[in-house]
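Pasting the structure below:
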C-alpha cells in the first residue's frame, strides 16, 4: 500500500494539529470510529487503548479519527470532547473533514468500509493494513510487532 492523504478538520487531546508525517520513525495505528457506533465503543476504542498501553511510545503511536458518515446531528465537537473525557480516551483524536457526500474525506480517501476500522502505517508513513470490524488482540499485536521489527531501510 502507499502513503495516504489525511484530512483533519480539528483535533482533540492535543495542543496542536498533527500530520501523519509527524509519526515518521514510529509505527502508527489510527482507530477510525464514530462515538455512536456500538462496535467502536465496545471493541475498537478499547483495543486502541490497549495498543497505546502495551507498546512503547517510541515504537508505536496511536491516534483516533472520528469519521462520521451517519447521525451527524449527534456528533458535534463538544459531544465528542465529553465522550473522550468520559471514556478516558487520552490519545489524540482528529475530526475527519466533511466530504462531498455522506463519507468524510479521509474515510473516502482511505477506501474504508465503515467503523470501526484500524489502519496501520509503517515507520516510513506508508499505509500497510486496513482492518474493518473486530480483530483479535493477539493477531493485531503480532502485526504491530512485525511492523515495529522492520528496519528503517526496508
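In this note's numbering, the protein residues as written are 7 to 160. Every residue, glycine too, gets a C-beta built ideally from N, C-alpha and C.
Practice item. Could you check the C-alpha separation between residue 132 and residue 33 for me, to the nearest Å? Key: Walking along the chain shown from the start, residue 132 turns up at place 126. Walking along the chain shown from the start, residue 33 turns up at place 27. In a straight line, the C-alpha of residue 132 is about 9 Å away from that of residue 33.
Exercise for review: Determine the burial state of residue 8: buried for a count of at least 16 other Cβ atoms within 10 Å of its Cβ, exposed for fewer.
Suggested key: Reading the chain shown from its first residue, position 2 is the one you call residue 8. In this prediction, residue 8 has a pLDDT of 47, which is less than 50 and means its spatial position is unreliable; nothing more can be read from the coordinates.
Check your understanding: Quick one, which of 123, 69, 30 and 59 has its alpha-carbon nearest residue 20's?
Key -> For this step, residue 20 is matched to residue 14 along the chain shown. Among 123, 69, 30 and 59, the Cα nearest to that of residue 20 belongs to 69.
Exercise for review: Hey, could you find the ends of the beta strand (DSSP E) residue 133 is sitting in?
Suggested key: Numbered from its first residue, the chain shown carries residue 133 at position 127. Residues 133-138.
Point to revise | Exposure label - residue 155; buried when at least 16 CB within 10 Å | key: In the chain shown, residue 155 corresponds to position 149, counting from 1. Exposed is the call here.
Review point. Hey, out of 122, 130 and 150, whose CA is closest to residue 44's CA?
Key: Position 38 of the chain shown, counting from 1, holds the residue named residue 44. Measuring from the Cα of residue 44, the nearest candidate turns out to be 122.
Practice item. Could you tell me the boundaries of the alpha helix (DSSP H) in which residue 89 lies? Key: Residue mapping note: residue 89 aligns to position 83 of the chain shown, counting from 1. Segment 83-92, the alpha helix (DSSP H) holding residue 89.
**Study point:** Cβ distance (whole Å) where residue 72 is taken to contact residue 100 below 8 Å
**Key:** Position 66 of the chain shown, counted from the first residue, corresponds to residue 72. Position 94 of the chain shown, counted from the first residue, corresponds to residue 100. Going by Cβ atoms, the distance from residue 72 to residue 100 rounds to 7 Å, so yes, they are a contact pair.
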